[in-house]
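Chemist: Take this structure first; my questions come after.
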């Protein structure tokens with residue numbers, strides 16, 4: 035077959051386009067899940083939390099979180115009226131095995147479960163030098179562990195202390211909002227295991243999600259609102275002493 | 281109109297320049313993952329890779345497809361909104377293959393995780409000082425874990 039110069043000039047760009055589309059592959063392999071139809075967050079109902087540690091244990095079992103590291107953890111606050119600005123905060127082993135029994139009843143106690151806030155304008159994704167951490171089109175902040183260098187800039191950047199460097203993989207690790215579950219229509223492991231309903235996965239793009247009515251009728255706030263992170267972990271009746 | 285003379289070196293220079301750009305583009309195309317930039321400044325394939333991780337908690341809907349009798353019983357009691365795996369632990373392996381036996385639970389430990397009395401817990405949450413309450417008798421002797429209604433004159 036003889037190709038003239040003119041034919042060659044036409045064929046070259048066509049071949050390049052075909053090659054590119056071959057390399058790109060299929061964009062989405064889970065057909066029932068449309069990323070653009072969701073905007074995930076979490077509702078944490080402080081008055082319902084009993085500090086049992088079920089969420090911490092469930093998270094570690096679901097996500098193979100190494101001992102001593104936490105994607106979610108519980109803090110117990112003890113605020114006395116003489117020391118409102120300096121609460122006593124404990125979190126023994128992340129609250130994984132519950133908390134020591136509090137005998138005296140002076141001041142107030144409450145539990146604050148903490149986790150990645152899946153911020154819409156998250157500081158952690160902005161500092162990544164290689165594009166290994168990002169917020170997906172569905173509002174979940176994730177780490178691409180194949181691409182991560184383990185430089186730990188993101189660990190320092192997170193104002194909520196939600197990231198760590200995995201001790202054996204040597205890359206950044208964090209809450210994925212159980213991305214492998216929510217994309218299959220399940221709730222997160224922590225929500226599944228919470229006995230009192232203190233945690234609820236919410237989808238802000240779903241008009242039928244009860245979160246919309248809840249946010250209108252309750253005293254809800256996010257952690258460190260002054261940092262303008264666009265946090266999507268909503269705390270109901272959060273005490274002012276929580277940092 | 282004066283003609284350019286001795287232009288050969290300009291063509292050679294341009295040739296080197298074009299070749300360098302082509303080599304750069306070729307190396308870049310080889311090094312940068314092909315889904316990079318699909319949704320933003322990251323590898324688009326990472327989303328599907330993370331979504332493909334195995335599930336350990338089957339979810340209460342899965343449990344109820346086989347254990348409808350217990351689900352019905354649970355619906356009538358105080359534990360109606362407590363999911364199966366909150367107490368029984370992650371059992372996706374059992375849901376996939378029912379011959380995988382779930383571990384037996386020790387109610388003495390399990391119930392206390394939530395119900396052990398502590399001044400730190402919300403006041404309306406039912407709590408007992410297990411040591412004085414049962415004196416070592418395991419909880420399910422009096423209480424039904426799946427439907428722990430407290431009847432007058434019965435278990436307290």
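Residue numbers (our numbering), protein chains in the order written: chain S, 35 to 277; chain R, 281 to 436. Heads up, the beta-carbon is just placed ideally off N, CA and C, and yes, glycines get one too. From a predicted model like this one, the values you see are computed outputs, not experimental measurements.
Taking buried to mean at least 16 other C-beta atoms within 10 Å of its own C-beta, is residue 92(S) buried or exposed?
Modeler: buried
Chemist: So is residue 362(R) in contact with chain S if we call contact Cβ pairs under 8 Å?
Modeler: yes
Chemist: If we ignore side chains and look at the alpha-carbon of each, how far apart do residue 74(S) and residue 125(S) end up?
Modeler: 27 Å
Chemist: Quick check: is any heavy atom of the ligand NAP less than 7 Å from the C-beta of residue 273(S)?
Modeler: Only the bare structure without any ligand can be found here, which leaves the ligand NAP out of the picture.
Chemist: So residue 123(S) is in the beta strand (DSSP E); what residue range does that whole segment cover?
Modeler: 122–124
Chemist: In the structure shown, what three-state DSSP assignment does residue 246(S) receive?
Modeler: helix
Chemist: Straight-line CA distance for residue 353(R) to residue 424(R)?
Modeler: 10 Å
Chemist: Using a Cβ-Cβ cut-off of 8 Å (strictly less than) and excluding sequence neighbours within five positions of residue 285(R), which residues of its own chain qualify?
Modeler: If we look at residue 285(R) and ignore the five residues flanking it on each side, it has no Cβ neighbours.
Chemist: Would residue 105(S) and residue 203(S) be called neighbours here (beta carbons separated by less than 8 Å)?
Modeler: no
Chemist: Once you ignore the five residues that flank residue 395(R) on each side, which residues in its own chain have a CB closer than 7 Å to its CB?
Modeler: Contacts found: 406, 407 and 408.
Chemist: Can you list, in chain order, the residues of its chain with a C-beta nearer than 7 Å to that of residue 90(S)? Leave out the 5 residues immediately preceding and following it.
Modeler: When the five nearest sequence neighbours on each side are left out, the beta carbons in the same chain lying within less than 7 Å of the beta carbon of residue 90(S) are those of 104, 106, 107, 108, 128, 129 and 130, in order along the chain.
Chemist: Kindly indicate which three-state DSSP category residue 79(S) falls into: helix, strand or coil?
Modeler: strand
Chemist: Which two residues bound the contiguous beta strand (DSSP E) that contains residue 108(S)?
Modeler: 106–113
Chemist: Considering only the alpha carbon of each residue, which of 288(R), 364(R) and 382(R) lies closest to residue 88(S)?
Modeler: Ranked by Cα distance from residue 88(S), the options 288(R), 364(R) and 382(R) are led by 364(R).
Chemist: Between residue 198(S) and chain R, is there a C-beta pair that is closer than 8 Å?
Modeler: no
Chemist: Residues of chain R with a CB under 9 Å from the CB of residue 191(S): which are they?
Modeler: Here the premise fails: no neighbours, minimum Cβ distance about 16 Å.
Chemist: Straight-line CA distance for residue 296(R) to residue 287(R)?
Modeler: Spanning the two alpha carbons is a distance of roughly 15 Å.
Chemist: Kindly indicate if chain S contains any beta-carbon less than 8 Å away from that of residue 327(R).
Modeler: yes
Chemist: Could you name the residues of chain R that residue 133(S) contacts, counting a contact when the two beta carbons are closer than 8 Å?
Modeler: Going along chain R in sequence order, the residues near residue 133(S) (Cβ under 8 Å) are 398 and 400.
Chemist: With distances taken from CA atoms, which of 136(S), 169(S), 94(S) and 163(S) is nearest residue 319(R)?
Modeler: Taking only the C-alpha atoms, the option nearest residue 319(R) is 169(S).
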